[in-house]
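Going down the list, the sequences are from chains L, X and H.
Heads up: the first sequence runs through residues 1 to 416, numbered per the numbering used here.
Heads up: the second sequence runs through residues 417 to 688, numbered per the numbering used here.
Heads up: the third sequence runs through residues 689 to 981, numbered per the numbering used here.
Where is the CB? At the ideal position from N, CA and C, for every residue including glycine.
Written below as structure tokens is the structure these notes are about.
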Amino acid sequence: MKRALFVVLIMLFVFSAFGKEIVFWTAPNPLQESFWKELVKQWNEENPDIQINWSTIPAAGSSEEAILTSIASGRSPDICTNIFSGFAAQLIEADQLVPLETLPGYWELIEQREMKQIVEGWKFNGHYFVFPIYSNPMLMWWRGDLLQELGYDSPPRTYSEIYEISEKYSVPNEKFGMQVILGRNWWDRWFDFINYYYAASGGNSYLDLERARATFNNEHGKSITEFFYKMFRNNWTAVDLGNYPLYNGVVLGGIRGPWEINWAKEQFPDVFDDIVISPPPVPDYYPDEDPVYTFADTKGLVILKSCKYKEEAWEFLKWVYSNEENDLRWVTMTNLPPARGDLSTNEMFTDYMAENDFFAQYASFVPYAVPPALTTKTVDIQDAMTDHLIEPLMYDRAGPEEALNDIVRRIRTILF
Amino acid sequence: MKKIPKIILYAVLFIASFIWIYPYIWMFMGSFKPSDQIFTTFWPSRFTIEHYRFILETAEKMRRPFVRALGNSIIISVIVTVSVIVSSAIIGYAISRLRFKGRNIVFNFIIFQMLFPGFLFIVPLYVLIRALNLTDTLSAVFLPSLMSAWGIFMFAQSYKSIPKEFIEAARMDGARELWIIIKVMVPLARSTASIVGMFTFIGIWDNFMWPLIVIRDYDKMPLSVLLASFNHQYGSYVGPLLAGSVIQTIPMVLIFLIFRKYFLQGISMSLK
Amino acid sequence: MGLKSLRRIEATKGWSISVVYFIYTAIFWGYPFVWLFILALSKWNFLTPRKFIWFNNFVKMFQDELFWRVVLNTFNFMLYYIPMVLGLSLLFAVALTKIKFFKTFFVLAFLVANVSSGVAYSIIFERLFAINGPLNKFIYTLTGKTIPWFSEPQLAILSIAMMVTWKFIGYYGLILFSGLNSIPKSLYEAAELDGATGWKKFWKITLPLLNPSIVMVLVLAISLVFGIFTEPYLITGGGPMKRTFTFQMMVYTTAFQKLDPGYASTLAIVAALMSFGCVILTRKLIEKEVEYA
């Protein structure tokens, strides 16, 4: 009996020594998938004793939902990417994350990538739980060819200019001036309302977390809601624009992230050449000479506390992120600006930018791209924005003022 | 009835039938059309199997293992269907033809169970599966469905109409109980077995919410969940999605067409 | 062997088979059943220890705007679905009694919708009803307008009701058809002798005698409404304006997105109670004893 137990123990030991497996989840995005696929393969070949079991976050709904249920069922991944700040805060509150600065060589890596300033924005309770991977400004794409036909050489900058071109271009049920609202998912609010608010207010936060209230009940908030209202009431935009409205010429412009660059280049090569990029629209009073701020869609990766081989997991991450070649590959494959401080100075990237105008434009907005507010209530707040701000304006259930007051009151209750 | 209204009636029925099957036709045709013609033409300029190739080969490389998911669905559905038929046939026999104290209690309890809709148990059942540490396993999907109160009830009802002489004659010959069930009862209740089997198979094959909750691993997903997650992440790949939908639909329709006679009987039986 | 011992053997067999069933049921039905109520009285997030909070979840529910939205949605959905599905399947059943040829073909054409996979047909209908999908293209060429099937709040409910109707007409139609067949022909003949016309026969004979089948269809349809999940989850995500947010959607999101299984169980219990309530009410109001005189 004793001997049998001994044999079992030995076997367990042998297995644990040789079969270290790290479960690694990445964003369910085809471009990022192809990036990780090759890297993981390479690592697994070079490190037979530490195998990375890689898959994309298996989500039929949102990534966050998938991660939360995996934690609830005790089968969480060891490393996970695609974590936004609010969700990280939620995971930290539930005590699920490893503080990365406790791992060997953390600061060296940060130093090497000149990320010191960037990680400060991700600091929670004095710890660094998240390793930011990329930071995307969200910009407007316009159909330069169609604008030209209407007699404009440059894309519209202010709401009034958008009204003007919308009036010229729109045909009821067929064509619209602009895609104002991106969708019904909570994260779409980052790209429309919050993005417009950053643009209008010069990068001010939409929430005051210390005083637990929303800050956008001001002239900026008002001009945005009026903009939404006017666009919908005049049929210059619509709730449902069908598939690929920008490329089919159903709309003249809309907010897009850099992840669409490579995709559009492949799928709609003819249209792609005519795309013109501009910052998000601003109210008429916004000074001409000031830079326009945008929302920064920024995601990071985390190591979960349930991970058995934390140091090995960290080894893998260091192996990925200490090699600049990998960053360049990331940029070429995904067009997402990597979170590193030397993007505009490091030759490796400046060469790429010289050849890729689209990416260069996105990269040039990185200094004016503001990340979302750090709140665990992100999803609740942004769901409420959909239900009580955006949709009432879309379907004319409330006027701009009324909707604005309602949502501010609701955010107060959510945060309080 | 006069002739003209009759013709109109037939015409209306034919048109309605066409409308009713149209989604199937559109799905089936669409899965063979080149991508740019799916929405624009009824009869495409050429047919292609690229979408099926995508689903079966490319998706595999994208780590969306459709072949595997199809296998999972088949495993789960076959296990559940066989288990439900066998267990229902035996238990149904016990509570309808074996005399023992408390038999009525068992029978009434089974009817009592049928009163509760399945959705009531989803959350606590998840708690159970989690406690058993079975999340992300195929067992999590099929274990809760191995026996069915409805199946037992159906078998018990149909056994009741079998004359007891059949059983007694078999007993006289020294047949054992299990033998009686297999050789005498089930063949006589063949249509019940088909009804129970068919409805169980269709139900478990199409089950979506439960595997969505308990399975997170792509390799363990049944086809319904993998298809839904593919739809969520690659919604613009319409062709492959249609091909996947065809694969998901075919077994259900096939089973239905083979056992259609029993489907109709099942409907009239559930009325009693 | 005596008769007595044969009896005992039979009883033993009966018991042992029943015991197997009870063990399985205790695990996969009894345990969740008990936990359903424990959870409904608890606050928990799957991770930290569970807290017993008595009826707080129920109190919270009555103050929850979203809960009332869902209740309203459910009835709104029924308002579209039940008349539509009942009327059309009745028409279908009556039509079946009037024809001689192609009967099997028509039955199969309508029934095959019933065995469509929830996921697959949601994917198909989403594309078919899309703003630039085939249906809207057709409508546009006829009228110059498009219909935002899934993006206008009321229309979205109607669209999902239409999808579910598509699926269930064949099934309900056959239930009604077999009900129609069980009405004795002699009754009609007697009525004809009294000079009754087509409509009168329908109102005086068909409808009253069809009552059990109609009640059956209503009960099935009502229970179905409380269990809808796949269609809104895949197509509308509960929107627009939360109009297609169903009880099952709310249970799912509460338990697995907001990690609040306690509140989710409370909602499931209330949904089941409401479903029972509606069924009982329907029976009270509509069910009549039928006698084939």
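Whole-angstrom C-beta distance between S839 of chain H and V239 of chain L, which should lie under 8 Å: 4 Å
Residue from L:K116, L:R157, L:L39, L:S344 with nearest C-alpha to D288 of chain L: L:R157
Range of the contiguous beta strand (DSSP E) that encloses G177 of chain L: 176–179
Per DSSP, the bridge partner or partners of H648 of chain X: None; H648 of chain X has no bridge partner.
Within-7 Å CB hit, K688 of chain X to chain L: A caution first: K688 of chain X carries a pLDDT of 47, below 50, which makes its placement in the model unreliable, though a value can still be read off. Cβ-Cβ to chain L under 7 Å: no for K688 of chain X.
G858 of chain H versus V800 of chain H - alpha carbon distance: 8 Å
Residues of the region 774–787 of chain H whose Cβ lies closer than 7 Å to any Cβ of chain X, in chain order: A783, K786, I787
Contact with chain H by M536 of chain X, beta-carbon distance below 7 Å: Rather than Met, the amino acid found at residue 536 of chain X in this sequence is Leu. Cβ-Cβ to chain H under 7 Å: yes for L536 of chain X.
contact_flag[the region 178–195 of chain L, the region 378–390 of chain L] where n(CB pairs < 8 Å) is 3 or more: yes
Cβ-based burial, N549 of chain X [other Cβ within 10 Å; buried from 16]: exposed
D452 of chain X classed as buried or exposed, judged by whether at least 16 other C-beta atoms fall within 10 angstroms: exposed
Neighbourhood of V14 of chain L by C-beta, 6 Å cutoff - its chain only, sequence neighbours within 5 removed: Residue placement at V14 of chain L is poorly supported in this model, since its pLDDT is 49, which falls under 50; the coordinates are not used for a value here.
Nearest-angstrom Cα separation, counted from P291 of chain L out to F365 of chain L: 9 Å
Per DSSP, cross-strand counterpart(s) of T56 of chain L: L:T26
Buried/exposed call for L594 of chain X, threshold 16 Cβ in 10 Å: exposed
Short CB-CB distance (under 7 Å) between M588 of chain X and chain H: no
Chain X contact residues for K976 of chain H, given Cβ-Cβ distances below 9 Å: Near K976 of chain H there are no residues of chain X at all, since even the closest Cβ is about 16 Å away, more than 9 Å.
Residues sharing a beta bridge with S866 of chain H, DSSP: Its beta-bridge partners do not exist; DSSP assigns none.
Cβ of P392 of chain L within 7 Å of any chain X Cβ: no
Interfacial residues, the region 558–584 of chain X to chain H, with Cβ spacing under 9 Å: L559, P560, S561, L562, M563, A565, I568
is_contact[Y634 of chain X, chain L] using C-beta, thresh 7 Å: yes
Per DSSP, the bridge partner or partners of T294 of chain L: L:A369
M938 of chain H beta carbon less than 7 Å from that of V747 of chain H: no
Proximal residues to W43 of chain L (C-beta, below 7 Å), its chain only, five neighbours per side dropped: I52, F316, W319
Neighbouring residues, chain X, relative to G74 of chain L (Cβ below 9 Å): R546, N549, T551
Per-residue DSSP class, three states only, for Q117 of chain L: helix
Proximity of R479 of chain X and S70 of chain L at Cβ, strictly below 7 Å: no
Residue(s) in a DSSP beta bridge with N125 of chain L: DSSP output for N125 of chain L lists no bridge partner at all.
Three or more C-beta pairs below 8 Å linking the region 634–654 of chain X and the region 598–607 of chain X: no
Contact the region 294–305 of chain L vs the region 83–90 of chain L: 3+ CB pairs below 8 Å: yes
Distance CB(Y509 of chain X)-CB(I597 of chain X) smaller than 7 Å: yes
For V98 of chain L, the first and last residue of its enclosing alpha helix (DSSP H): Neither: V98 of chain L is in no alpha helix (DSSP H) and is coded neither H nor E.
Classification of A981 of chain H by the beta-carbon crowding that lies within 10 angstroms, buried from 16 upward: For A981 of chain H, the predicted model reports a pLDDT of 49, less than 50, meaning its position is unreliable; a value from the coordinates is still stated below. The residue in question, A981 of chain H, is exposed, as its Cβ has fewer than 16 Cβ neighbours within 10 Å.
Opposing strand residues paired with F131 of chain L [DSSP bridges]: L:L301
Neighbouring residues, chain L, relative to K833 of chain H (Cβ below 9 Å): P172, N173
DSSP-derived helix/strand/coil call for F349 of chain L: helix
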